[in-house]
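Colleague: Okay, handing you the structure first.
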Amino acid sequence: MVGILLLLFLILFLILSIPSVQTRLGRYATDTINEDFHTNINIERIGLKINGDVKLGNILIRDYKTDTLVSIIELNTSILNFSKLANGKLTFGDIDIKGLLFNIKTYKGENQTNLDVFVARFDEEEPSTEPSD
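The numbering of the sequence shown is my numbering, which starts it at 174 and goes up by one.
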């Protein structure tokens with residue numbers, strides 16, 4: 174019985190180590206976040222290694238007017254504490270960013286910046302169940 178569980182764990186680990194599987198899982202996660210919080214976050218490539226290293230490629234976050242808020246060509250970091258991951262509290266190591274564009278602005282007739290509006294969407298008590306824009 175233990176051998177079967179170890180074999181299943183090994184197979185699961187091998188499947189999850191495939192970059193296309195990691196990217197698909199990441200896309201599912203960002204789609205869920207986008208639907209729940211009415212955001213527009215896209216990550217083209219995701220790579221995770223067993224040692225906790227994380228590599229994200231071509232990150233694009235659009236604001237509520239669909240203009241670019243953040244664009245990153247590549248982001249590298251590491252997850253320092255996997256035990257906190259289950260509680261939704263991530264601890265990251267150094268973050269290395271290549272090709273960063275941060276486009277913060279206040280639209281005419283608005284009081285808040287596009288970044289303020291983006292962050293406020295995560296401040297809600299519970300995520301929205303309505304479809305995103």
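Don't be surprised by glycine CBs; every beta carbon is placed ideally from N, CA and C.
For I191, would you say it is in contact with chain D, using Cβ-to-Cβ distances shorter than 8 Å as the test?
Modeller: As a matter of chain content, chain D is missing from the structure shown, which is built from one protein chain.
Colleague: Three-state secondary structure (DSSP) at E283?
Modeller: Position 110 of the sequence shown, counted from the first residue, corresponds to residue 283. Looking at E283 - three-state DSSP - the assignment turns out to be coil, as it is neither helix nor strand.
Colleague: I219 and I234 look like a contact to me (Cβ under 8 Å); what is the Cβ gap, rounded to whole Å?
Modeller: Indexing the sequence shown from 1 puts residue 219 at position 46. Indexing the sequence shown from 1 puts residue 234 at position 61. So it is not a contact: roughly 15 Å between Cβ atoms.
Colleague: Please classify F275: is it buried, with 16 or more other beta-carbons within 10 angstroms of its beta-carbon, or exposed?
Modeller: Locating residue 275 in the sequence shown gives position 102, where the first residue counts as 1. Its Cβ having fewer than 16 others within 10 Å, F275 is exposed.
Colleague: Just how far apart, CA to CA, sit E247 and T196?
Modeller: The residue labelled residue 247 in the question sits at position 74 within the sequence shown. The residue labelled residue 196 in the question sits at position 23 within the sequence shown. Going from the Cα of E247 to the Cα of T196 covers about 14 Å.
Colleague: Based on the DSSP secondary-structure assignment, which residues constitute the bridge partners of I214?
Modeller: Position 41 of the sequence shown, counted from the start, is the residue given in the question as residue 214. According to DSSP, I214 bridges with I234.
Colleague: Report buried or exposed for V175, applying the criterion of at least 16 other Cβ atoms within 10 angstroms of its Cβ.
Modeller: Translated into positions along the sequence shown, residue 175 becomes position 2. It is exposed - the Cβ of V175 has fewer than 16 other Cβ atoms within 10 Å.
Colleague: Within the continuous alpha helix (DSSP H) that includes I268, where are the two ends?
Modeller: As a working mapping, residue 268 is identified with position 95 in the sequence shown. No alpha helix (DSSP H) contains I268, which DSSP labels as neither H nor E.
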